[in-house]
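Asker:
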Amino acid sequence: MDVLFLRFDAPMMSFGGPIIDNRGVIQAYPALSMITGLLGNALGVDHSEHERLQDLQERIRHAVRRDREGKRLQDYQTVDFSKPYMDDARAWTTDGRLEQRKGGSASSGTHIRERDYLAGACYTIALTLDRPSESPTLDDLADALRAPARPLFIGRKPCLPAEPLYAGRTTAEDLTAALSDPEFFPNERDDGPYAIWMEADRDDPQARPYTDRRDWQNQVHTGQRWVKEDHVEIATSA
Amino acid sequence: MFLQFHTLTSYPGTLLNRDDAGFAKRLPFGGSTRIRVSSQCLKYHWRNFDGENALYRMDVPKSLRSRETFRRRIAQPLIDDGYPEPLVYAVTLSLKERVVSGGTANKSDVKKAIQAEEPKEISEALDTNQVTILGAPEMNYLHDLAADVLDSVEDEFSVFWEDNGEPDSDAVGDAADAIRKSDLLKAKDVKKNLKGLSLASGLDAALFGRMATSDVLARGDAAIHVAHAFTTHKGEAESDYFSAVDELRRDEPEESGEMGAGHINSQELTSGLFYSYVVIDVSLLVSNLEGCPREEWTEADHTLASSVVERFVHLMATVSPGAKLGSTAPYSYAQCMIGEAGTAQPRTLANAFQTAVPRNDVLNSSMASLAEHIEGMNGMYGSTNDVRLAAMGETDALADALGVEDTVSVPEIAEWSAGVVRGA
Chain X
1 MDVLFLRFDA PMMSFGGPII DNRGVIQAYP ALSMITGLLG NALGVDHSEH ERLQDLQERI
61 RHAVRRDREG KRLQDYQTVD FSKPYMDDAR AWTTDGRLEQ RKGGSASSGT HIRERDYLAG
121 ACYTIALTLD RPSESPTLDD LADALRAPAR PLFIGRKPCL PAEPLYAGRT TAEDLTAALS
181 DPEFFPNERD DGPYAIWMEA DRDDPQARPY TDRRDWQNQV HTGQRWVKED HVEIATSA
Chain G
1 MFLQFHTLTS YPGTLLNRDD AGFAKRLPFG GSTRIRVSSQ CLKYHWRNFD GENALYRMDV
61 PKSLRSRETF RRRIAQPLID DGYPEPLVYA VTLSLKERVV SGGTANKSDV KKAIQAEEPK
121 EISEALDTNQ VTILGAPEMN YLHDLAADVL DSVEDEFSVF WEDNGEPDSD AVGDAADAIR
181 KSDLLKAKDV KKNLKGLSLA SGLDAALFGR MATSDVLARG DAAIHVAHAF TTHKGEAESD
241 YFSAVDELRR DEPEESGEMG AGHINSQELT SGLFYSYVVI DVSLLVSNLE GCPREEWTEA
301 DHTLASSVVE RFVHLMATVS PGAKLGSTAP YSYAQCMIGE AGTAQPRTLA NAFQTAVPRN
361 DVLNSSMASL AEHIEGMNGM YGSTNDVRLA AMGETDALAD ALGVEDTVSV PEIAEWSAGV
421 VRGA
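For the record, the sequence lines run as chains X and G.
Residue 220 in my numbering sits at position 220 of the first sequence, and the numbers go up by one each step.
Residue 213 in my numbering sits at position 213 of the second sequence, and the numbers go up by one each step.
(1) Against chain G, does Q77 (chain X) count as a neighbour if the rule is that its beta carbon must be under 7 Å from one of theirs?
(2) Of the residues that make up the segment 44–67 of chain X, which ones have a beta carbon closer than 8 Å to any beta carbon in chain G?
(3) Per DSSP, S227 (chain X) forms a beta bridge with which residues?
(4) Count the other CB atoms, across all protein chains shown, that sit within 10 Å of the CB of R98 (chain G); report buried if there are 16 or more and exposed otherwise.
(5) Just verifying my parser: in three-state terms, what is the DSSP assignment at A172 (chain X)?
(6) Could you list the residues in the segment 30–51 of chain G with a C-beta less than 7 Å from some C-beta on chain X, going in chain order?
(7) DSSP three-state label for I20 (chain X), please.
(8) To the nearest whole angstrom, what separates the beta carbons of P242 (chain X) and A10 (chain X), a pair I think is in contact under 8 Å?
(9) Name the chain G residues whose beta carbon is nearer than 8 Å to that of F153 (chain X)?
(10) Go to S332 (chain G), then tell me how far its alpha helix (DSSP H) extends in each direction, as first and last residue.
(11) For L127 (chain X), does the three-state DSSP call read helix, strand or coil?
(12) Determine the direct distance from the alpha carbon of T343 (chain G) to that of N385 (chain G), and round the result to whole angstroms.
(13) Can you find a CB in chain X that lies within less than 7 Å of the CB of R347 (chain G)?
(14) Name the residues in the segment 171–193 of chain G whose C-beta lies less than 7 Å from a C-beta of chain X; which are they?
(15) Taking Cβ positions, are T7 (chain G) and S276 (chain G) nearer each other than 7 Å?
(16) When you compare only the Cα positions, how much space is there between L141 (chain X) and W216 (chain X)?
(17) Note down the Cα distance separating Y141 (chain G) from I112 (chain X), rounded to an integer number of angstroms.
(18) Since D21 (chain X) and Q74 (chain X) are thought to touch, with beta carbons under 8 Å apart, how far apart are those beta carbons, to the nearest angstrom?
(19) How is the alpha helix (DSSP H) around E154 (chain G) delimited, first residue to last?
(20) According to the Cβ coordinates, are G15 (chain G) and K234 (chain G) closer than 7 Å?
(21) How would you call T132 (chain G), buried or exposed, if buried means at least 16 neighbouring beta carbons within 10 angstroms?
(22) So, using beta-carbon positions, are P137 (chain G) and A218 (chain G) closer together than 7 Å?
(23) Cutting at 7 Å between CB atoms, please list the residues of its own chain near Y89 (chain G), excluding the five before and the five after it.
(24) Return the chain-ordered list of same chain residues with a C-beta closer than 7 Å to the C-beta of L291 (chain X), the five sequence neighbours on each side being excluded.
(25) Since I believe Q345 (chain G) is in contact with R146 (chain X) (beta carbons under 8 Å), could you give me their beta-carbon distance rounded to a whole number of angstroms?
(26) Within its chain, find whatever has a CB closer than 7 Å to the CB of Y194 (chain X); leave out the 5 residues flanking it on each side and keep chain order.
(27) If you draw a straight line from the C-alpha of T92 (chain G) to the C-alpha of A399 (chain G), how long is it?
(28) Mind checking if Q224 (chain X) is an interface residue toward chain G, Cβ cutoff 7 Å exclusive?
(29) Which residues in the same chain as E405 (chain G) place their Cβ atom closer than 7 Å to its Cβ, once the five residues preceding and following it in sequence are excluded?
(30) With the cut-off set at 7 Å, would you say G202 (chain G) and G220 (chain G) are in Cβ contact?
(31) Residues in its own chain within less than 7 Å of A317 (chain G) by CB, not counting five upstream and five downstream?
(32) Given a cut-off of 7 Å, decide if M13 (chain X) and L118 (chain X) are closer than it, judged by their beta-carbon atoms.
(33) Residues in the same chain with beta-carbon distance under 7 Å from L315 (chain G), minus the five sequence neighbours each way, listed in chain order, please.
(34) Does the segment 28–40 of chain G come within contact of the segment 129–137 of chain X, defined as at least 3 CB pairs closer than 8 Å?
(35) Go through its chain and collect everything with a Cβ distance to Q27 (chain X)'s Cβ below 7 Å, but skip five positions before and after it.
(36) Could you check if K43 (chain G) is buried or exposed, using at least 16 other CB atoms within 10 Å of its CB as the buried criterion?
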């Protein structure tokens with residue numbers, strides 16, 4: 001199969017999980033929806049073009065390798081709801097009615113938010129597309145990553161990449177084989193083994209359900225994808 | 001088209017950005033812990049700065065086309081969609097009035113707009129006195145709302161849709177009322193929503209984005225991306241023990257039985273040379289400021305965007321994250337600034353400091369690390385960006401790595417950036 005590699009290398013990145021109350025947690029590896037949004041951003045897809053995003057998400061098959069573990073960092077942030085620009089009288093919507101806070105102690109004053117980040121980590125993603133001849137093709141994605149429509153970020157806007165995200169192309173038997181290819185490891189590498197996450201059959205005893213598919217029209221995550229954690233070593237070339 | 005800016009700024013003996021326990025925010029990076037200033041902290045001070053080059057002090061030329069936003073971005077597309085011109089002017093005027101003043105358009109004004117024939121009369125009716133900054137999401141919503149209003153009056157006032165229809169003066173008056181008083185514009189929810197739209201838009205949202213609602217179609221995307229700043233070297237912190245002296249008690253120790261220290265505590269002070277990185281998405285900035293679809297940004301007016309960018313470069317180089325102003329005077333200017341313009345994927349140069357630079361001669365060591373990193377990156381990926389460097393100290397290696405003849409001043413980088421936006 002044709003494979004495209006993405007490299008995530010940044011002082012801070014974020015693989016967002018479900019936010020409960022004011023606590024923004026992260027997960028160990030990027031969600032399918034995040035990869036879709038990132039590629040959509042590179043292609044210049046607009047928020048309103050949910051069909052293009054949905055279609056792209058359905059076609060993506062990806063596996064993730066952790067090249068450098070990094071450290072978790074909890075950022076403490078405050079929001080002052082009394083500032084004029086936080087006033088919910090300006091929360092207009094395209095439905096024709098304001099979306100206002102419902103009251104209660106969390107709707108005024110200073111609000112505390114905790115947002116987690118991964119500091120100093122590095123990941124490589126091997127990605128391929130179902131229905132490879134349809135648009136966008138892997139070639140289109142590669143072009144879009146090299147000269148994206150918008151600045152690209154890894155999970156949150158302040159998480160700006162320290163290297164080009166496009167990290168090369170190859171053909172490989174499968175995504176695991178691609179992630180073992182010695183050519184597509186960072187320059188400074190250790191001996192491994194390297195943790196990888198990949199889609200698995202739900203009967204696989206190691207597989208865990210993961211809700212990382214986004215319903216782009218309704219702006220929520222739905223459904224399940226079964227993902228298993230495994231590891232790869234750098235293949236010694238025959 | 002992207003503009004990227006990198007700065008190195010030294011802050012000795014300050015506490016720029018704290019966590020919930022009162023300690024300086026930190027970042028583990030490359031095996032050592034750095035002092036960090038969050039992006040939201042930097043943006044807060046840049047957007048609220050109230051001195052020279054402040055974003056809100058912009059003297060935007062009166063001729064700016066943003067005054068014509070309603071005519072160009074709402075009326076014209078509706079006419080292109082095939083709606084009858086007279087009624088398009090009526091609905092656009094009614095919407096403008098709702099958004100700008102919150103009120104219902106005056107009947108005689110709407111009638112005049114319907115009967116307008118000269119371009120001058122049309123622009124008098126539809127143009128605003130002040131610059132109106134509405135982004136593409138706002139424009140899409142207003143356009144759709146206007147189309148709904150027109151659709152709702154089509155049956156009753158079909159004469160306007162007929163090829164040789166000649167509406168009499170009663171029809172003009174009734175159509176004016178039907179449009180300006182349409183429930184689609186006058187319902188309480190809609191009135192509040194349009195007022196909210198007007199409040200929410202503006203320079204701030206155009207630059208830094210707006211995410212007030214769960215409605216992704218109403219969201220304003222940030223045109224300026226700001227990374228967290230961090231020290232190029234291992235963080236240096238000192239616990240500063242202090243006492244607040246109660247002068248009344250101190251002066252009368254026999255009566256008070258105390259030496260006078262009313263309060264003792266300690267706070268953390270840090271020193272460091274911070275690397276900071278910003279990307280400006282020029283096409284989105286123009287789209288946010290001019291209300292045009294992003295893909296049509298090259299045809300829009302770039303005057304406002306270029307003056308915003310010019311100011312922003314000055315702010316980045318000179319405005320400090322202002323914390324503990326009275327006790328630490330945290331005012332520093334950047335000692336090194338790199339500007340880049342191009343279309344390749346923007347990337348931070350943060351990895352130049354993955355190995356913490358030695359603590360002696362920090363500025364020159366950091367610039368040397370930057371030079372080495374830039375050479376490495378250019379060797380691997382090539383460089384197509386147009387580059388400017390302003391710096392003090394030993395700048396030769398950095399200038400060589402960037403491929404520039406010489407350093408320039410920060411005002412020159414600001415002017416160059418504005419020129420890039422104007423010419424883009």
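Beta carbons: idealized from backbone N, C-alpha and C, even for Gly.
Answerer: Straight from the coordinates:
(1) yes
(2) G44, D46, H47 and S48
(3) One point to set straight first is that residue 227 (chain X) is Val, not Ser, in the sequence displayed. Answer is X:E199 and X:R208.
(4) buried
(5) coil
(6) G30, S38, S39 and Q40
(7) strand
(8) With chain X covering 1 to 238 only, the question about residue 242 (chain X) has no answer from this structure.
(9) H225
(10) Neither: S332 (chain G) is in no alpha helix (DSSP H) and is coded neither H nor E.
(11) strand
(12) 8 Å
(13) yes
(14) D189, V190, K192 and N193
(15) yes
(16) 19 Å
(17) 32 Å
(18) Going by Cβ atoms, the distance from D21 (chain X) to Q74 (chain X) rounds to 14 Å, so no, they are not a contact pair.
(19) Taken as a continuous stretch (DSSP letters only), E154 (chain G) belongs to no alpha helix (DSSP H), as it is neither H nor E.
(20) According to the sequence displayed, residue 15 (chain G) carries Leu and not Gly. Taking 7 Å as the Cβ cut-off, L15 (chain G) and K234 (chain G) do not qualify as a contacting pair.
(21) buried
(22) yes
(23) A75, A113, I114, A116, I122, A125 and L126
(24) It is not possible to answer for residue 291 (chain X), since the shown part of chain X is limited to 1 through 238.
(25) 6 Å
(26) R65, R66, D67, H231 and V232
(27) 53 Å
(28) no
(29) none
(30) no
(31) T7, Y333, A334, M337 and V410
(32) yes
(33) W46, F49 and N53
(34) no
(35) F15 and G17
(36) buried
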